[in-house]
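Keeping their order, the protein sequence lines are chains A and B.
Take the first sequence: its position 74, counted from the start at 1, is 74 in the UniProt record's numbering, and no numbers get skipped.
Take the second sequence: its position 1, counted from the start at 1, is 1 in the UniProt record's numbering, and no numbers get skipped.
Even for Gly, the Cβ is constructed at its ideal location relative to N, Cα and C.
This one's a predicted model, so the numbers in the text were calculated from it and none came from an experiment.
There are 2 protein chains.
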Amino acid sequence: MSLRYGLLSMIAKDPQTGYQMFQNFQEQFLYFWNSNSSQVYKELVKMEGDQLISFEYIYEKGKPVKKLYHITPKGEKELIDWVIEFESKAAKIKDEFLLRAYAFHMISTGEAIALLYKMKAREEGVLYETSRWNEERFKQIPEKIKLGEFVTAEFGIRYSNMYIDWCKWAIELLESYQES
Amino acid sequence: MSLRYGLLSMIAKDPQTGYQMFQNFQEQFLYFWNSNSSQVYKELVKMEGDQLISFEYIYEKGKPVKKLYHITPKGEKELIDWVIEFESKAAKIKDEFLLRAYAFHMISTGEAIALLYKMKAREEGVLYETSRWNEERFKQIPEKIKLGEFVTAEFGIRYSNMYIDWCKWAIELLESYQES
DNA sequence: CATCCCATGTAAAAAGTTACATGATTTG
DNA sequence: CAAATCATGTAACTTTTTACATGGGATG
Numbered sequence: 001m002s003l004r005y006g007l008l009s010m011i012a013k014d015p016q017t018g019y020q021m022f023q024n025f026q027e028q029f030l031y032f033w034n035s036n037s038s039q040v041y042k043e044l045v046k047m048e049g050d051q052l053i054s055f056e057y058i059y060e061k062g063k064p065v066k067k068l069y070h071i072t073p074k075g076e077k078e079l080i081d082w083v084i085e086f087e088s089k090a091a092k093i094k095d096e097f098l099l100r101a102y103a104f105h106m107i108s109t110g111e112a113i114a115l116l117y118k119m120k121a122r123e124e125g126v127l128y129e130t131s132r133w134n135e136e137r138f139k140q141i142p143e144k145i146k147l148g149e150f151v152t153a154e155f156g157i158r159y160s161n162m163y164i165d166w167c168k169w170a171i172e173l174l175e176s177y178q179e180s
Numbered sequence: 001m002s003l004r005y006g007l008l009s010m011i012a013k014d015p016q017t018g019y020q021m022f023q024n025f026q027e028q029f030l031y032f033w034n035s036n037s038s039q040v041y042k043e044l045v046k047m048e049g050d051q052l053i054s055f056e057y058i059y060e061k062g063k064p065v066k067k068l069y070h071i072t073p074k075g076e077k078e079l080i081d082w083v084i085e086f087e088s089k090a091a092k093i094k095d096e097f098l099l100r101a102y103a104f105h106m107i108s109t110g111e112a113i114a115l116l117y118k119m120k121a122r123e124e125g126v127l128y129e130t131s132r133w134n135e136e137r138f139k140q141i142p143e144k145i146k147l148g149e150f151v152t153a154e155f156g157i158r159y160s161n162m163y164i165d166w167c168k169w170a171i172e173l174l175e176s177y178q179e180s
């Protein structure tokens with residue numbers, strides 16, 4: 001049920017297409033939600049049926065027809081109710097790298113260090129991308145409409161930095177094991 | 001397919017029951033994987049069929065019969081192959097709180113601050129629990145068999161601290177909005 | 001004496017993934 | 001001129017969640 005509220009939050013900010021929302025999951029939402037295009041399109045049809053959103057066709061010459069979704073008053077109400085009703089539930093993380101790290105006792109220290117370097121490089125790439133997007137998005141002090149975007153973007157930066165620092169710490173630890 | 005490798009990593013360390021593995025997801029695995037009992041029991045049956053694990057019944061007076069799973073040589077080989085084969089894929093996070101935070105523009109600053117305090121309290125509770133578990137688990141310098149446990153536990157501590165710090169930062173930011 | 005914990009499972013529903021189809025435009 | 005991007009979807013499949021069933025022991 002949460003996917004629909006994620007989509008609603010996006011549409012509440014700006015009317016947009018399913019494709020744009022799908023892309024948002026890979027950019028702004030990277031650090032706290034994810035989805036794929038087929039799931040997004042399916043859910044949007046359902047949400048339209050529930051009168052939470054409505055759409056209009058956009059025709060532009062030389063471009064495919066697209067459906068621009070708007071939030072309805074009913075959608076706004078349901079979104080607000082959902083945001084406030086929050087009862088703290090643990091986040092669900094699926095991190096294939098850390099799952100592998102848990103099994104480090106099965107491989108050699110050298111191999112584990114190599115994996116940590118690979119992961120560190122990946123996260124540095126993510127941090128670079130995120131920073132670049134944020135520069136574009138927050139050229140000046142954020143207005144109220146961008147508040148949620150701003151605070152969650154900051155979370156992403158902190159998450160990536162924490163991850164990179166942890167990799168460095170783990171590499172040092174394993175290198176000390178290797179020497180002794 | 002990753003669930004089975006998570007289970008394999010657990011069994012590779014210590015032979016254990018499905019119930020214990022289910023509990024591990026709520027303790028040591030909290031920060032990087034999750035599952036529930038029905039999924040665990042189903043997957044264990046499949047893994048036994050694939051000869052990755054085997055089990056023996058344990059009868060103890062005054063206790064229900066339990067199935068103690070062991071890893072097989074085939075299971076060990078597949079686990080090692082899987083750990084090393086890592087090609088960096090982004091972690092998948094589903095965080096209901098941050099999803100709500102993204103929609104902070106829909107509610108009042110006061111309500112948003114209240115939600116942040118609630119979330120901060122939750123994460124402080126998680127950090128407390130995690131620290132308590134870690135104290136028990138790592139009374140001395142970890143041996144090789146506990147290396148994966150140790151590094152992923154440190155990740156959890158860092159994650160929770162980062163989350164709490166971010167909450168504090170966001171509360172301060174929103175409070176400054178409220179004053180102006 | 002009700003509720004929680006241990007311990008294993010079944011069944012059904014919901015959510016998420018992967019592969020494919022279509023077709024135009026833009027980029028390297 | 002091949003590949004990527006824009007744009008929307010369908011179908012089949014896998015994974016995950018939720019609810020239920022069972023039953024003894026421990027805890028408050």
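Contacts that residue i makes with chain B (C-beta to C-beta distance below 8 Å)
| i | result |
| --- | --- |
| S88(A) | F97, K118, M119, A121, R122 |
Under 7 Å between C-beta atoms of residue i and residue j
| i | j | result |
| --- | --- | --- |
| L147(B) | F104(A) | yes |
| I58(A) | I93(B) | no |
| W169(B) | F155(A) | no |
| Y163(A) | E124(A) | no |
| T72(A) | Q51(A) | yes |
| F32(A) | L98(B) | yes |
| A114(B) | T152(A) | no |
| E96(A) | K89(B) | yes |
| Y69(B) | F55(B) | yes |
| I106(B) | L79(A) | The sequence shown places Met at residue 106(B), rather than the Ile named in the question. Taking 7 Å as the Cβ cut-off, M106(B) and L79(A) qualify as a contacting pair. |
Residues of its chain near residue i, where Cβ-Cβ distance is below 6 Å and the 5 sequence neighbours each way are ignored
| i | result |
| --- | --- |
| Y177(B) | T109 |
| E175(B) | none |
| Y159(B) | Y31 |
| N34(A) | F25 |
| E111(A) | none |
Cut-off 7 Å between Cβ atoms - residues of its own chain near residue i, not counting five sequence neighbours on either side
| i | result |
| --- | --- |
| K13(A) | I145 |
| E27(A) | W133 |
| E143(B) | none |
| E43(B) | L3, R4, L7 |
| P15(B) | L68, Y69, H70 |
Proximal residues of chain B, C-beta to C-beta of residue i below 7 Å
| i | result |
| --- | --- |
| I145(A) | H105 |
| Y5(A) | L99 |
| T152(A) | L98, A101, Y102 |
Chain-order list of residues whose beta-carbon lies under 8 Å from that of residue i (same chain, five-residue window excluded)
| i | result |
| --- | --- |
| M47(A) | R4, L7, L8, I53, G75 |
| I157(B) | L127, T130, S131, N134 |
| S37(B) | G18, Y19, F22 |
| N161(A) | L127 |
| I171(B) | I113, L116, Y117, K120 |
| Q39(A) | L3 |
| A91(A) | F32 |
| L173(A) | none |
Chain B residues whose Cβ lies nearer than 9 Å to that of residue i
| i | result |
| --- | --- |
| I80(A) | A103, M106, I107 |
| I93(A) | L30, Y31, F32, W33, N34, A91, K92, I93, K94, D95, Y159 |
| T72(A) | Result: empty, since nearest Cβ-Cβ is about 14 Å, beyond 9 Å. |
| S2(A) | K94, E96, L99 |
Within chain A, the residues that residue i reaches when beta carbons sit closer than 8 Å
| i | result |
| --- | --- |
| S9(B) | L99, Y102, A103, M106 |
| E149(B) | Y102 |
Chain-ordered chain A contacts of residue i [CB-CB under 7 Å]
| i | result |
| --- | --- |
| E136(B) | In chain order: nothing, as chain A lies at least about 18 Å away. |
| E111(B) | I84 |
Per-residue contacts from residue i into chain A (C-beta, under 9 Å)
| i | result |
| --- | --- |
| L115(B) | V83, I84, F86 |
Along the segment 154-180 of chain B, where does the CB come closer than 9 Å to a CB of chain A? Name the residues. E154, F155, R158, Y159, N161, M162, Y163, D165, W166, W169, A170, L173, L174, Y177
Across the segment 11-27 of chain A and the segment 112-122 of chain B, are there enough close Cβ pairs to call them in contact, namely three or more that are closer than 8 Å? no
Using Cβ-Cβ distances below 8 Å, what residues of the segment 11-23 of chain B are close to chain A? A12, K13
Is the segment 128-142 of chain B touching the segment 79-88 of chain B, taking contact as three or more C-beta pairs under 8 Å? no
If the cut-off is 7 Å on Cβ atoms, which residues from the segment 55-67 of chain B count as contacting chain A, listed in chain order? none
Going along the chain, which residues of the segment 23-49 of chain A sit with their C-beta nearer than 8 Å to a C-beta in chain B? Q28, F29, L30, Y31, F32, W33, N34
So, do the segment 55-71 of chain A and the segment 62-74 of chain B have three or more beta carbon pairs nearer to each other than 8 Å? no
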